[in-house]
Amino acid sequence: MIGALRERLSGWAGAASVFDALRARRRGEPEVPVRDWVRVGAGRPARVLGFDQPLVWVVVALLALSLVMVFSASIALPDNPRFARYASTHFLTRHVLAIGVGAVAALIVVQVPVAVWEKWAPWLFVAALALLVLVLAIGKGVNGARRWIQLGPLQFQPSELAKLAIAMYAANYMVRKMEVKEHFVRAVWPMAVALGFVGVLLLAEPDMGAFLVIAAIAMGILFLGGVNGRMFFLICAVLLASFVLMIALSEWRRERIFAYLDPWNDKWAQGKAYQLTHSLIAFGRGEFFGQGLGASVEKLHYLPEAHTDFLLAVIGEELGFVGVFAVIAAFFWLARRIFSIGRQAIALDRVFAGLMAQGIGLWIGGQAFINMGVNLGLLPTKGLTLPLMSYGGSAMLMNLVAIAIVLRVDVENRQLMRGGRA
């Protein structure tokens, strides 16, 4: 009966994979998830796709929209005395350069086997720690924060490298500690110390937003790697208590929380809640279809950092609810797709590759969620950019490198599914 049914479905490209999965389930073997890796055209034989093309096109679409919106959000900045010597296309030109450099880096990185990243993951983490120490010693400070290292005419933000490094290191760590993951001290304590050291360095800059993202990546990989549930919730409780303590001991952090809770209060509206109130005004003006591309009023020196942290507010004002919903949907799809690639790798017994990909998914999706939450007034201001869209060379470079690594994981998954070697 199964043979007849399989013959009847022979025109469907995924039939063989489905029957293989059913056979594996009956035998009690691990089931390999099936994905649409073949494309059938009219009158043409099926061909296996070499990489995840929809993922690439969604990333390209986000980058294209970022070019338009960064130019729109920054075109009026030269009217500000602070940027008087800049041309109206200054930020657009640098954004294009950042995307170009990131694309070249991504093309190089996608050629590197995942086994190489697994081997060098601890050393990349050490290098990120060294740069975080270096930025405190010689880094460039802006608005009271020391987060950038000057490299000639360019600047580099080590915290962006740290996000990728922690995803690789945590995945590598869980693979090495897989046999002791039920024992708290032996499995979790060393990772907690490493995360604590990163936290101390980032809070010294200060950059609490980056630390929040890095902690989420590390904790997510520990959970996905199979750490005992009670231990995981204990760690979450410790981290939550640490954040509450930091807020309680810092007056300016407390003020940010109070401003977030009551942004329209006269005490905060022109101070700590200034960005939030103008972001909400931008969304209100956008309504459903927006004021039209280039017609934002809030970007005209009312909304600070309109081309970086609050780019989504400009999108909301100019493209309305429709534009904001499209961006949210794109990031949701992107994070889900990256997680799917990670699950596929784990099903193929490539635990490091799978956990690393899922860590990158947590990074991209989590940071996008925080940035959107801040713009919409759902979360306190954190100073995080919108991945793949906001102006910022270091962030754009590391985002594209991370996407390239995920694509490499997917390429090796496909090679194994075709019976080859990763």
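Take the sequence shown: its letters are residues 135 to 556, numbered as in this note's numbering. From the three backbone atoms N, C-alpha and C, an ideal C-beta is built for every residue, glycine too.
Cutoff 6 Å; reference residue i; Cβ partners in own chain excluding five residues on either side
i: E163; result: Here E163 scores only 47 on pLDDT, less than 50, and its place in the model should not be relied on; the value that follows carries that caveat. Closer than 6 Å at Cβ, skipping near neighbours: no residue.
i: S430; result: V448, E451, E452
i: V193; result: I537
i: A393; result: W402, K406, A407
i: L518; result: G343, Q501, I504, N505
i: A255; result: M302, Y303, N306
Distance between residue j and residue i (C-alpha atoms, nearest Å)
i: Q289; j: S528; result: 8 Å
i: G428; j: T442; result: 16 Å
i: L197; j: H229; result: 10 Å
i: R542; j: E252; result: 13 Å
i: V244; j: D544; result: 10 Å
i: F417; j: V267; result: 39 Å
Reduced DSSP secondary structure (H/G/I, E/B, other) of residue i
i: A221; result: coil
i: A279; result: strand
i: Q478; result: helix
i: F290; result: strand
i: L437; result: coil
i: Q284; result: strand
i: K274; result: strand
i: T411; result: helix
i: L550; result: helix
i: Y525; result: coil
Assumed close pair residue i, residue j - CB separation to whole angstroms, cut-off 8 Å
i: L263; j: F331; result: 7 Å
i: S293; j: R281; result: 6 Å
i: A240; j: I537; result: 7 Å
i: L295; j: L265; result: 6 Å
i: H412; j: N214; result: Not really, about 15 Å apart at Cβ, beyond 8 Å.
Same chain, Cβ closer than 8 Å to residue i, neighbours up to 5 away in sequence not counted
i: A218; result: P212
i: L337; result: F345, M380
i: L513; result: Y394, I504, G507
i: P340; result: A279
i: G426; result: E452
Among the options, the one whose alpha carbon lies nearest that of residue i
i: L231; options: I537, M530, L541, M551; result: M530
i: A328; options: L550, F259, T519; result: F259
i: L189; options: R552, I539, K401; result: I539
i: V361; options: L383, A304, L395; result: A304
i: V204; options: R552, R542, R548, G526; result: G526
i: P521; options: N547, I494, L541; result: I494
i: L226; options: R387, A487, V202; result: V202
Same chain, Cβ closer than 7 Å to residue i, five either side skipped, listed in chain order
i: F423; result: G454, V456
i: A237; result: L534
i: A207; result: K433, A440, H441, L445, V448
i: G499; result: F465, A469
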